[in-house]
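Visitor: Please read through the structure below; I'll follow up with questions.
There are 2 protein chains.
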Amino acid sequence: MLFSDYFPVWNQLTSFQQQKISNALISRQVEKGTLIHNGSMDCTGLLLIKSGQLRAYILSEEGREITIYRLFERDLCLFSASCIMRSIQFELMIKAEKDTEFFMIPAEIYKQVMEESAPVANYTNEVMATRFSEVMWLIEQIMWKSFDKRLAAFLLEESAIEQTTQLKLTHEIIANHLGTHREVVTRMLRYFQSEDMVKLSRGAIEITDKTHLELLLVHSTGSR
Amino acid sequence: MLFSDYFPVWNQLTSFQQQKISNALISRQVEKGTLIHNGSMDCTGLLLIKSGQLRAYILSEEGREITIYRLFERDLCLFSASCIMRSIQFELMIKAEKDTEFFMIPAEIYKQVMEESAPVANYTNEVMATRFSEVMWLIEQIMWKSFDKRLAAFLLEESAIEQTTQLKLTHEIIANHLGTHREVVTRMLRYFQSEDMVKLSRGAIEITDKTHLELLLVHSTGSR
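From first to last, the protein sequence lines are chains A and B. Here the first sequence is numbered in the working numbering, starting from 1 and rising by one per residue. Here the second sequence is numbered in the working numbering, starting from 1001 and rising by one per residue.
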């Protein structure tokens, strides 16, 4: 599998630029759970995902987490190279949610190419706009959606990603995705169970009534 | 006042590109309260602010608002031309908070120049990264900060912008900035008043103890 197949504007680079990137390119494999990027403390480089799954999240001072977005095959991870733009002023953590293979372009090399190549700069713009849209979606969720909807949406999303109704997820992990406390997740899951939408067991959640969960999403109950 | 003085990469444009922008440039003046951009329904163009103040916010289905960021003199407003990037998939409203003068570059013209000019594309990237950082800051506020801190921060910010301790703000307006209900604002302001931090009167809030409000920001009380 070649980098050029994954990088959409490859053919718009000069051969010198192509060479420059090819020479600097690193292939890496990390295990599930690896912390790939730790806020502004490192400027790892841009990642182009070959296979696997990454999770971008932020941490509160007290160590609470909330998932900002996720990255899948063919996605470009920009903020692992936050030093390429001085205006990126936030601390994002990036962790492998599954065993993940990716190409890494060193930040300095990407920056040099981006500065002289309009196609690369415009492609980077589109990537950032995509993340921006995801973050705006998240704000809408946090602000206007009640927690039952957010939890239902998360379970359905997980089910779609994993292509199973048997989710191996602890309440703690869900709390870290949604930026809340474990107790809040447990309480709502028990309510879902009492309504026969899910079945709970140790370290796992089975979705037993997908339609009911989906209905929850469209119902317009009061938000906070 | 010339556009070229405000646009940082002007000197990196070809004279053809400079001409193209100059010919298309529109100077506009709007009154306080004017809705300049209404979600994806229009693609007004990029705005470069000469004087005044704009507010970018989102709306819930029920008509609730939350301020995403504000724009001041010399800021470039990108999302009023969201059609320049197909990955911008969110509905932002932009309204004048004060009488505002700005240059408008039609979206199509800007897009054409950006597609061929690496400096313009990279500048646009930096502008988007700046907004992105503001949005990430907002998420942190919403997620980890208790409402007393968010309200204190907002009052101090307003006071800094207006350079006065006499704020002409209704509780409704504050609620729309912070994405909450008027009652919540009123309750907290009354608490602030009982602690002698502010003095409330009809349509106005006087900051009487700035230091106390600032202390609130650094105090690490529990968040929600």
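Even for Gly, the Cβ is constructed at its ideal location relative to N, Cα and C.
At a CB-CB cut-off below 8 Å, which residues of chain E make contact with A/V135?
Guide: Annotation note: the requested chain E is absent from the structure, which comprises protein chains A and B.
Visitor: Would you verify that the beta carbon of B/A1129 is, or is not, closer than 8 Å to some beta carbon of chain A?
Guide: yes
Visitor: Pick out whichever of A/Q29, A/I36 and A/R150 has its Cα sitting closest to the Cα of A/H219.
Guide: A/R150
Visitor: Could you give the residue range of the alpha helix (DSSP H) that holds B/Q1112?
Guide: A1107 to E1116
Visitor: Is there a Cβ from chain A that is less than 8 Å from the Cβ of B/Q1018?
Guide: Not one chain A Cβ lies under 8 Å of B/Q1018.
Visitor: Counting only runs that start and end within the segment 1003 to 1049 of chain B, where is the alpha helix (DSSP H) found for 4 or more residues in a row?
Guide: Listed in chain order, they are 1003 to 1006 and 1015 to 1024.
Visitor: Assign A/Q53 to buried or exposed, taking buried as 16 or more other Cβ atoms, counted over all protein chains shown, within 10 Å of its Cβ.
Guide: Counting other Cβ atoms within 10 Å of its Cβ, A/Q53 reaches 16 or more and is therefore classed as buried.
Visitor: List the DSSP bridge partners of B/M1093.
Guide: B/N1038 and B/Y1057
Visitor: Keeping to the same chain, check which residues put their C-beta closer than 8 Å to that of B/V1127; ignore five residues upstream and five downstream.
Guide: L1076 and L1078
Visitor: Keeping to the same chain, check which residues put their C-beta closer than 6 Å to that of A/E97; ignore five residues upstream and five downstream.
Guide: Q53 and R55
Visitor: So, for B/V1185: in the same chain, excluding its five sequence neighbours on each side, which residues have a beta-carbon less than 6 Å away from its beta-carbon?
Guide: Shown here for B/V1185: same chain residues with a beta carbon closer than 6 Å to its own, the five before and five after excluded, namely H1171, I1174 and A1175 in chain order.
Visitor: Taking C-beta pairs closer than 7 Å, name the residues in chain B that A/G179 reaches, listed in chain order.
Guide: Result: M1143.
Visitor: Out of A/G63, A/S51, A/E91 and A/A81, which has the shortest C-alpha to C-alpha gap to A/R236?
Guide: A question about residue 236 of chain A goes unanswered here, because the residues of chain A that appear run from 1 up to 224.
Visitor: Does the Cβ of B/I1094 lie closer than 7 Å to at least one heavy atom of the ligand GTP?
Guide: With respect to the ligand GTP, the structure shown offers nothing to examine, as it has no ligands at all.
Visitor: I want to see whether chain A comes within less than 8 Å of B/E1172, judged by CB atoms only; does it?
Guide: no
Visitor: Is A/R224 helix, strand or coil when you go by DSSP?
Guide: Low confidence applies to A/R224: its pLDDT is 39, below 50, so where it sits in the model is not reliable, and the reading given next is rough at best. Note: A/R224 maps to coil in three-state DSSP.
Visitor: Using C-beta distances below 8 Å, list every residue in its chain close to A/L167, excluding the 5 sequence neighbours before and after it, in chain order.
Guide: L155, E158, S159, A204, I205, E206 and I207
Visitor: Output the distance between the C-alpha atoms of B/G1045 and B/D1099, rounded to the nearest integer angstrom.
Guide: 19 Å
Visitor: Verify whether the separation of the beta carbon atoms of B/W1144 and A/R64 is less than 8 Å.
Guide: Yes, Cβ-Cβ distance for B/W1144 and A/R64 is below 8 Å.
Visitor: Cβ of B/R1028 less than 8 Å from any chain A Cβ?
Guide: no
Visitor: Our contact map puts A/E101 next to B/I1058 with C-beta atoms below 8 Å; I'd like the distance itself, whole angstroms only.
Guide: That belief does not hold up - the Cβ atoms of A/E101 and B/I1058 are roughly 37 Å apart, past 8 Å.
Visitor: Under 9 Å between beta-carbons, which chain B residues line up against A/M114? List them in chain order, please.
Guide: A1118, A1121, N1122 and N1125
Visitor: Determine the direct distance from the alpha carbon of B/V1135 to that of A/E134, and round the result to whole angstroms.
Guide: When only Cα atoms are considered, A/E134 and B/V1135 end up about 11 Å apart.
Visitor: Going by the beta-carbon positions, is the gap between A/H177 and A/T34 smaller than 8 Å?
Guide: Here A/H177 is not near A/T34, since their CB atoms are 8 Å or more apart.
Visitor: Can the beta-carbon of B/T1022 be found closer than 8 Å to that of B/F1103?
Guide: At residue 1022 of chain B the sequence reads Ser, which differs from the Thr that was named. The answer is no: Cβ separation not under 8 Å.
Visitor: When the distance is taken between beta carbons, is B/I1084 closer than 8 Å to B/A1121?
Guide: For B/A1121 and B/I1084, no; Cβs fall outside 8 Å.
Visitor: In the segment 42 to 70 of chain A, which residues sit with their C-beta less than 9 Å from some C-beta in chain B, listed in chain order?
Guide: I58, S60, E61, E62, R64, I66 and I68
Visitor: Whole angstroms are fine: how far does the CA of B/L1071 sit from the CA of A/L25?
Guide: 39 Å
Visitor: Determine the burial state of B/T1130: buried for a count of at least 16 other Cβ atoms within 10 Å of its Cβ, exposed for fewer.
Guide: Taking a 10 Å sphere around the C-beta of B/T1130, we find 16 or more other C-beta atoms and assign the residue as buried.
Visitor: Which first and last residues belong to the beta strand (DSSP E) in which B/A1152 is found?
Guide: Taken as a continuous stretch (DSSP letters only), B/A1152 belongs to no beta strand (DSSP E), being part of the alpha helix (DSSP H) at F1147 to E1162.
Visitor: In this structure, does DSSP put A/R70 in helix, strand or coil?
Guide: strand
Visitor: Mind listing the chain A neighbours of B/Q1089? Cutoff is C-beta to C-beta under 7 Å, in chain order.
Guide: S133
Visitor: What separation, rounded to the nearest whole angstrom, lies between the Cα atoms of B/L1002 and A/S82?
Guide: 33 Å
Visitor: Is B/E1285 helix, strand or coil by DSSP?
Guide: As shown, chain B starts at 1001 and ends at 1224. That puts residue 1285 of chain B outside it, with no answer to give.
Visitor: What does B/K1199 pair with, by DSSP beta-bridge criteria?
Guide: B/E1206
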